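Inspection log for the structure reproduced underneath, given as structure tokens.
Set out below in structure tokens:
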């Protein structure tokens, strides 16, 4: 299935309706906002290259959506380990993701985890999304196990 295109098909009529309500007599503004938002939706999985900084920030934000609660339901449904479970277990180890003004770059992403398995989320989910983003040069990432020295990625 094509998750991104399905999301766009669902979101587009909603965006058009809301933008028409807010910017009824400003067609140009509606087109710009709708196009930028559409690029963010279509590109948020890093399967398609995005070009605007705004869409790139959506990509980075989606990569940051990895805190422990995201794996709660899959963890409770099946306790037997199987192929592909590294996503479930690594997401379950991410305790906290914070985003704030950085020291070296404008955006600082700080990730705290309960075990080393969380590095999988950083290296296989977050960093590839940042690498595909036009915002890459504006982001620094620090991640580590609580109580240990954090690793700086960017």
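Residue numbers (the working numbering): 1 to 154. C-beta atoms are modelled at their ideal positions from N, C-alpha and C, and glycine is treated no differently. Predicted model, so just to flag it, every value in this text is computed and none were measured.
- Taking the C-beta atoms as reference points, residue 146 is found nearer than 8 Å to residue 95.
- Note: residue 113 is bridge-paired with 94 and 145 in the DSSP secondary-structure output.
- By the neighbour-count criterion, in which a residue is buried when 16 or more other Cβ atoms sit within 10 angstroms of its Cβ, residue 148 is exposed.
- Excluding sequence positions up to five before and after residue 34, its CB lies within less than 7 Å of the CB of 15, 16 and 19, all in the same chain and listed in chain order.
- If you look at residue 56, you'll find it in the alpha helix (DSSP H) that goes 53 to 64.
- Here residue 133 has 56, 59 and 60 as same chain residues with Cβ atoms under 6 Å from its own Cβ, once five neighbours each way along the sequence are excluded.
- For a cut-off of 8 Å, the C-beta gap from residue 143 to residue 151 is around 6 Å, short enough to register as a contact.
- Exclusion of the five residues before and after residue 129 leaves 46, 59, 60, 62 and 63 as the residues of its chain whose Cβ lies within less than 7 Å of its Cβ.
- The residue among 24, 21 and 41 with its C-alpha nearest the C-alpha of residue 8 is 41.
- The C-alpha of residue 121 is placed about 10 Å away from the C-alpha of residue 89.
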